[in-house]
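In my numbering, the protein residues as written are -15 to 359.
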C-alpha cells in the first residue's frame, strides 16, 4: 500500500501503512501556523480490502467538534465525490472504506483545484460581459485575479463577492462557480436584470497559495486573511491589501464573503450587527436578503448560526465587518457546512460542490430583491 500527497492541495502525515485495517495518519499544520484540519490524500494498492484509516491527532485539531457526525469524502476520478463511513471517539477519527479500485482519494471536503480555478477564470473571461483584472501577486508569486462582470458604468451598484479567504473551505469556490455560470447566462432574466443595475467584482479565490499548499485557514506567510482587514500588508497579507485597495478605488454597495463552517451542519449568514454604524436601514436590508435567499433555495436557513455580536463589539479585522463599517453597506459572511445540511440531508453525497454551486446560483435572486434599496 502507498499513501501520497504530492499533488495540488494534498496534505497528510503518514505514520504507518503496514496493515490495511490499521493505517495510521496525522493531519499536518498549515504553513507557518498552528491551524490543522485539512486533509487530502491518495491511497494505492488496497483494492477490495477493508481499510481503516486512523487520524491519530483528530482530537487535537483546530476544530475537533467538526468531526462529530462528520463523514469524509472519497473519489476514484477526482470528479465524482461521495461520502464514506467515518467515526470519531473524541481522540481519533477513523475512516472505514473498502475501495473498489487500487487508486482512491480521500479529502476533508470536495477539493477545488488550482487548475479548475484557472479554468473558471478562462470560462468567465470568454464571455463578453466579463473581463479579468490582474490585482497583483500572492506571497508565493501566483497570479491574483478579479473578475469584473458588467459594463463598469460608475452610476450602477457595485456588488462584491469573495471566496476562500480560508483556502480549505473549498465549497466557497464551488459557490462562486455556480453564481458566475448563472450571472453570465444571457438567457437568464434575473442575471440580465441584475446587470442592468449593477456591476459585479468577484474574487473567486482570495488565497491561491494556501489552496495549493493544502492549508485550511492561512496563506503562504501563515496569515489568517479574515483577520487582516484592518491593517493588511504586502509582506504578510498582500491578497487582502490588494482587494481592499481596489474596493476603496471602486466603492462597495453590497458585499458577500463565502466560507465554510467546520462544526455547524447548516447554511447561514453572519452580518454586521455589532458594527458601530449598524442601523435600521442595514437591518431591513439584511432581513430582505435572508428572506429572499430562503425562498430561492430551501438549503438556506436562519434559525441556526453564530451568536450575534453585541452592539459596538464587532471584530473589525474580519472582512464582512470591515467592509460593512467602512462603506456603510449590506455585508454578509455566508457559511456552508463541511458536513451535511441537517435540514435537507443527502446520505450519499452530503453537502457537496454541486449543492454549493446551486446555492451560488440561487443567491442572484436575493441580490435582485435588494438591489434597488442598497442606497
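The beta-carbon is built from N, C-alpha and C at its ideal position, and this holds for glycine as well. It should be emphasised that the depicted structure is a prediction, and the values quoted were computed from it without experimental measurement.
Under three-state DSSP, which class holds residue i?
| i | result |
| --- | --- |
| residue -4 | coil |
| residue 243 | strand |
| residue 81 | strand |
| residue 132 | strand |
| residue 10 | strand |
| residue 69 | strand |
| residue -9 | coil |
| residue 47 | coil |
| residue 120 | strand |
| residue 76 | coil |
| residue 284 | strand |
Any idea if residue i is buried or exposed, counting beta-carbon neighbours within 10 angstroms, 16 or more meaning buried?
| i | result |
| --- | --- |
| residue 89 | buried |
| residue -13 | buried |
| residue 290 | exposed |
| residue 292 | exposed |
| residue 315 | buried |
| residue 288 | exposed |
| residue -10 | exposed |
Considering only DSSP beta bridges, list what residue i is partnered with.
| i | result |
| --- | --- |
| residue 35 | 81 |
| residue 202 | 208 |
| residue 1 | According to DSSP, residue 1 bridges with nothing at all. |
| residue 143 | 184 and 238 |
| residue 87 | 28 |
| residue 321 | 245 |
| residue 316 | 240 |
| residue -14 | 28 |
| residue 252 | 319 |
Should residue i and residue j be called a contact, given that it needs their Cβ atoms to be closer than 7 Å?
| i | j | result |
| --- | --- | --- |
| residue 354 | residue 273 | yes |
| residue 241 | residue 154 | no |
| residue 166 | residue 358 | no |
| residue 24 | residue 95 | yes |
| residue 150 | residue 201 | yes |
Should the segment 174 to 186 be regarded as contacting the segment 128 to 135, the criterion being three or more beta carbon pairs within less than 8 Å?
yes
Problem - Segment contact flag, the segment 337 to 348 with the segment 265 to 281, C-beta cutoff 8 Å, min 3 pairs - result: yes
| query | Contact between the segment 40 to 56 and the segment 71 to 79: three or more CB pairs below 8 Å? | reply | yes
Inset, instruction - State whether the segment 332 to 345 contacts the segment 258 to 275, with contact taken as three or more CB pairs (one from each stretch) at a distance under 8 Å. - result: no
How about the segment 143 to 162 and the segment 221 to 237: do they share at least three Cβ pairs that are nearer than 8 Å?
yes
query: For the 8 Å Cβ check, are there 3 or more pairs between the segment 294 to 306 and the segment 111 to 119?
result: no
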